[in-house]
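Asks: Residue numbers (our numbering): 97 to 873.
We treat Cβ as the ideally placed atom computed from N, Cα and C, and that holds for glycine.
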Amino acid sequence: MTKPVTFAATGDSFITRLLHKDEAFEEVAALLHRADVRLANLETTVHDSKGYPSAQSGGTWAMSPPAVLQVMKEYGFNMIGWANNHTLDYLYGGLEATEQHLNEYGFVHAGAGKNLAEAGAPRYLECDSARVALIAATSTFHPWWAAGEQRRDSIGRPGINPMRYIMTHYLSKEKLEQLKSIADSVDINAFSKVLIEEGFMNSPGQNVFLFGNSLFKMGEQEGTKTEPHPRDMQRIIKTIEEAKRRADYVVISIHAHEMKGEQKEAPAEFLETFARACIDAGAHAVVGHGPHLLRGIEIYKNRPIFYSLGDFIFQTEAVTSQPADFYEQYGLTHDHNVADALEAMSANYTRGLCVHREVWEAVVPIWKMQDGELLEIELHPIELGYDLPIHRMGWPRQSTSPAIVERLQALRGILGAALSDRIGTKKLLAIMAISWTVVQFGAYAIASLPMLVLARVLLGIGEGPFWATVVSHLNKWFPEEKRGLVYSTVNFGAFVGAVASAPLLVAMIDQNGWRFAWAFMGALSLIWFLVWIWMGKEKPAIAVAASSPVSVEAPKAKWSEISKVMLSSTYIFCFLIYFGQIWGTTFAAVWEPVYLVKAIHLTNQQMAYSIAGTGLVAGLMTILISSIGDRLYKKHRSYRKSYVWVGGVSIILGGLFFYSVTWVQSTALVLIALCLGKGFAFSVGTASSVIVSSLMPARTGLLVGVMSSLVTLAGIISPLVTGSIVQAAGDVAVGFGHAMSLNALIFVVFGVLFLLFAKRNEGKIEITSPISNKIEN
Numbered sequence: 097m098t099k100p101v102t103f104a105a106t107g108d109s110f111i112t113r114l115l116h117k118d119e120a121f122e123e124v125a126a127l128l129h130r131a132d133v134r135l136a137n138l139e140t141t142v143h144d145s146k147g148y149p150s151a152q153s154g155g156t157w158a159m160s161p162p163a164v165l166q167v168m169k170e171y172g173f174n175m176i177g178w179a180n181n182h183t184l185d186y187l188y189g190g191l192e193a194t195e196q197h198l199n200e201y202g203f204v205h206a207g208a209g210k211n212l213a214e215a216g217a218p219r220y221l222e223c224d225s226a227r228v229a230l231i232a233a234t235s236t237f238h239p240w241w242a243a244g245e246q247r248r249d250s251i252g253r254p255g256i257n258p259m260r261y262i263m264t265h266y267l268s269k270e271k272l273e274q275l276k277s278i279a280d281s282v283d284i285n286a287f288s289k290v291l292i293e294e295g296f297m298n299s300p301g302q303n304v305f306l307f308g309n310s311l312f313k314m315g316e317q318e319g320t321k322t323e324p325h326p327r328d329m330q331r332i333i334k335t336i337e338e339a340k341r342r343a344d345y346v347v348i349s350i351h352a353h354e355m356k357g358e359q360k361e362a363p364a365e366f367l368e369t370f371a372r373a374c375i376d377a378g379a380h381a382v383v384g385h386g387p388h389l390l391r392g393i394e395i396y397k398n399r400p401i402f403y404s405l406g407d408f409i410f411q412t413e414a415v416t417s418q419p420a421d422f423y424e425q426y427g428l429t430h431d432h433n434v435a436d437a438l439e440a441m442s443a444n445y446t447r448g449l450c451v452h453r454e455v456w457e458a459v460v461p462i463w464k465m466q467d468g469e470l471l472e473i474e475l476h477p478i479e480l481g482y483d484l485p486i487h488r489m490g491w492p493r494q495s496t497s498p499a500i501v502e503r504l505q506a507l508r509g510i511l512g513a514a515l516s517d518r519i520g521t522k523k524l525l526a527i528m529a530i531s532w533t534v535v536q537f538g539a540y541a542i543a544s545l546p547m548l549v550l551a552r553v554l555l556g557i558g559e560g561p562f563w564a565t566v567v568s569h570l571n572k573w574f575p576e577e578k579r580g581l582v583y584s585t586v587n588f589g590a591f592v593g594a595v596a597s598a599p600l601l602v603a604m605i606d607q608n609g610w611r612f613a614w615a616f617m618g619a620l621s622l623i624w625f626l627v628w629i630w631m632g633k634e635k636p637a638i639a640v641a642a643s644s645p646v647s648v649e650a651p652k653a654k655w656s657e658i659s660k661v662m663l664s665s666t667y668i669f670c671f672l673i674y675f676g677q678i679w680g681t682t683f684a685a686v687w688e689p690v691y692l693v694k695a696i697h698l699t700n701q702q703m704a705y706s707i708a709g710t711g712l713v714a715g716l717m718t719i720l721i722s723s724i725g726d727r728l729y730k731k732h733r734s735y736r737k738s739y740v741w742v743g744g745v746s747i748i749l750g751g752l753f754f755y756s757v758t759w760v761q762s763t764a765l766v767l768i769a770l771c772l773g774k775g776f777a778f779s780v781g782t783a784s785s786v787i788v789s790s791l792m793p794a795r796t797g798l799l800v801g802v803m804s805s806l807v808t809l810a811g812i813i814s815p816l817v818t819g820s821i822v823q824a825a826g827d828v829a830v831g832f833g834h835a836m837s838l839n840a841l842i843f844v845v846f847g848v849l850f851l852l853f854a855k856r857n858e859g860k861i862e863i864t865s866p867i868s869n870k871i872e873n
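(1) Taking only the alpha-carbon atoms, compute the straight-line gap between residue 649 and residue 798 and give it to the nearest angstrom.
(2) Just how far apart, CA to CA, sit residue 376 and residue 792?
(3) Which residue comes first and which comes last in the beta strand (DSSP E) that contains residue 408?
(4) Any idea what DSSP makes of residue 227, helix, strand or coil?
(5) Here's the rule: buried if 16 or more other CB atoms are within 10 angstroms of the residue's CB, otherwise exposed. What is residue 759?
(6) Taking a contact to mean a Cβ-Cβ separation below 9 Å, would you say residue 109 touches residue 168 in this structure?
(7) Quick one, are the C-beta atoms of residue 259 and residue 350 less than 9 Å apart?
(8) Restricting to Cα atoms, I'd like to know which of 248, 580, 268, 115 is closest to residue 719.
(9) Can you tell me which of 372, 182, 617, 128 puts its alpha carbon nearest to the alpha carbon of residue 399?
(10) Touch check for the stretch 256-276 and the stretch 400-414: three-plus C-beta pairs under 8 Å?
(11) Give me the Cα-Cα distance between residue 241 and residue 158, rounded to the nearest whole angstrom.
(12) Check whether the Cβ atoms of residue 155 and residue 137 lie closer than 9 Å to each other.
(13) Please give the ranges of any alpha helix (DSSP H) in the stretch 191-250, keeping only runs that are unbroken, at least 4 residues long and fully inside the region.
(14) Measure the C-alpha to C-alpha separation of residue 710 and residue 771 and round it to an integer number of angstroms.
(15) Taking the alpha carbon of residue 305 as the point to measure from, which residue in 105, 802, 285 has its own alpha carbon closest?
(16) Can you tell me where the beta strand (DSSP E) holding residue 463 begins and where it ends?
(17) Consult DSSP for residue 473 and reduce its assignment to one of helix, strand or coil.
(18) Where does residue 295 land, buried or exposed, given buried means 16+ other C-beta within 10 angstroms?
(19) Look at the alpha carbon of residue 837 and the alpha carbon of residue 706, and state the distance between them as a whole number of angstroms.
(20) Using the C-alpha atoms, what's the distance from residue 814 back to residue 696?
(21) Taking the alpha-carbon positions, what's the residue 346 to residue 272 distance?
(22) Output yes or no for whether 9 Å exceeds the beta carbon distance between residue 107 and residue 481.
(23) Quick one: residues in its chain with C-beta nearer than 8 Å to the C-beta of residue 741, no 5 flanking neighbours on either side, listed in chain order?
(24) Find the nearest neighbour of residue 810 within the set 769, 757, 778, 683, judged by alpha-carbon distance.
(25) Comparing C-alpha positions only, which one of 228, 687, 211 sits nearest to residue 219?
(26) Look at the Cβ atom of residue 777, then the Cβ atom of residue 751, and state whether they are nearer than 9 Å.
(27) Taking residue 354 as the reference, give the member of 236, 332, 335 with the closest Cα.
(28) Give the DSSP-derived three-state secondary structure of residue 696 in the structure shown.
(29) Are the beta-carbon atoms of residue 822 and residue 687 separated by less than 9 Å?
(30) By a C-beta neighbour count over all protein chains shown, 10 Å radius and 16 as the cutoff for buried, is residue 613 buried or exposed?
(31) Please specify which runs of the beta strand (DSSP E), each continuous and at least 3 residues long, are wholly inside the stretch 691-776, giving them in chain order.
(32) Taking all protein chains shown into account, do 16 or more other C-beta atoms lie within 10 angstroms of the C-beta of residue 99, making it buried, or fewer, making it exposed?
(33) How about residue 876 and residue 495: do their beta carbons lie closer than 9 Å?
(34) Just the C-alpha distance for residue 297 and residue 243, rounded to the nearest angstrom, thanks.
(35) For the alpha helix (DSSP H) that contains residue 331, what are its first and last residues?
(36) In three-state DSSP terms, what is residue 355?
Here it is in structure tokens:
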């Protein structure tokens, strides 16, 4: 076992001023010095006008005096990533001068260089306890900033390590035809057509329509999809694989402004894919930055992904000069100065990054790893002086405000049932367990049937939100591609518990009375409660700095947003197949024993063994089927190509096997058909819960809880309807045949509807196409 290694990471350091040390500096520096590895993203060039200003910049043109690196040194940083949208603000001269000064100050740095091999190479930090590799890249840059490969007949090109991405827009057939008509009317593609014809540009591909520089394709679901550029992705993966053979730990630094739609806090789809692929390849952490605010944290395969840590130092308002291009875009002349230009950009500081408090609040994570595994994470809130005059803003100080980490928790999607969304799943599970325990022990005070009914109602309070709360709790611990297996395993455990406890409780009631049996169950519940309080954890080991008490309140989604999700086709048809499962489950619990004895003529003992045996096999089938859904989701990252297809096909097969019960002759075939029917049909509850929990992660508990509550109606309706059918038939065997046929019809119809209409923005044809890089000012 190796020694633990402690890491600290920060977001963007857009540092343009020299530091007057004070108490705030000392506190932050002391915090960073707790770690062995201390990483920052340097979002400025460092030189004294050693390069020509680029025709385009990352926003403002960033240039800082070399002495700012001494400030970074005094904070404690020993690793610097500097691949970002400001690296070539002053072209190759600025890049080369910055690299020279980083070397002079002794930083391990990565992300830019004289050619692609240098820019993409891992750089190594030697610590007492480990050797740590840093690989840095950016997805936000102007295309000509990308470093070029060397060849035997051509030198490489200086630049950044690029992580390009492919963006494709999907439209309906009707809208795509309208877009093509517009393109023809204004000749927006005329020049591209000439370039393609002359061989200077590749065709975007079959069935792909180019509108200017944007790619469009017909799709079932309108929207935009981004994915990592395969060449850059493969190149970086190879670099990770090399680095993990030469170091104990590999850290990825990725600068990415790209977002989902207009949600700046939400990383673009390609960034999530990239980050997880890096972990899959062997990286131990992915540290993101770029959008100048916090994004969520994901623990993937027990390794952290920080999608954005916001800003650590942000002094864009303190730049000392800007090229003529900056003045021109705001209609200014040579008579104006930097202050005039910055005030024009911000409309006298009434718009832009300076007016949003969240830009000036961030966290510094400190995490500990041992033998490549995550042990714990602390999140230390910092703020950068939002309430100070503009010329004094930008230096970090530790914060006692809980709002910073609360916002981060909201971005991570604090999950839970409708109540656990607010108070936490551990607390709610404990409340349910203790309330259930108290009522069980209170059985000795029950002396009448009304009191017994009241006790049963009170027990329901402890049981009602159980499944939604469990789903919420498990989502914190397991990634999406494992949830089907986990949910089905919990369900299987509940079934095994019921099968095992039933004969024991019956024996207790016969020998000691029902009060003793209730008290026995209360004792078991009390033991579970005490163990849960002692050992249960709310979520994986992510600790928040003691200086910032944190509320676990979920983000307050508007009811209009929640109702929109509940009225979506995905939610409605997830409810329907879950309703079908509960219909079948209740039928099996109420009428299957009667059917086996009265219609199949089994003895009571044979019936008991048959139900237990087929039930156990069906439970194992649900685990297997759910695992298939997980594997398909991991492969395709598509709910439709995994849980929808697996769930829909499974319940249809379950219906067909249930229907076969009505015409097979031998008892063995009846039991096999029932076993397969239950195994296929009863697995869909897992699929529907997995899909619904992804619709609005912050309100998983509410969405799953409402669905679970509504489907209990099936548990009331099913025995009444099927019982009436059996009774009306006059003949038990015929009546149960009709009831089985009804079950089969419900399963098949609901399964087909689910396959047709349940989808999570899926069903689009994927393509490869030219590169898209966006610049955010």
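Replies: Reading off the structure:
(1) With a pLDDT of 37 at residue 649, under the threshold of 50, the predicted position of this residue should be treated as unreliable, though the coordinate-derived value follows. Their Cα atoms are separated by approximately 13 Å.
(2) 26 Å
(3) 407-410
(4) strand
(5) exposed
(6) yes
(7) yes
(8) 580
(9) 372
(10) no
(11) 15 Å
(12) no
(13) 212-216
(14) 5 Å
(15) 285
(16) 457-466
(17) strand
(18) exposed
(19) 21 Å
(20) 21 Å
(21) 44 Å
(22) no
(23) 728, 851
(24) 683
(25) 228
(26) yes
(27) 236
(28) coil
(29) yes
(30) buried
(31) none
(32) exposed
(33) Because the chain here runs from 97 to 873, residue 876 falls outside it and cannot be looked at.
(34) 20 Å
(35) 326-342
(36) strand
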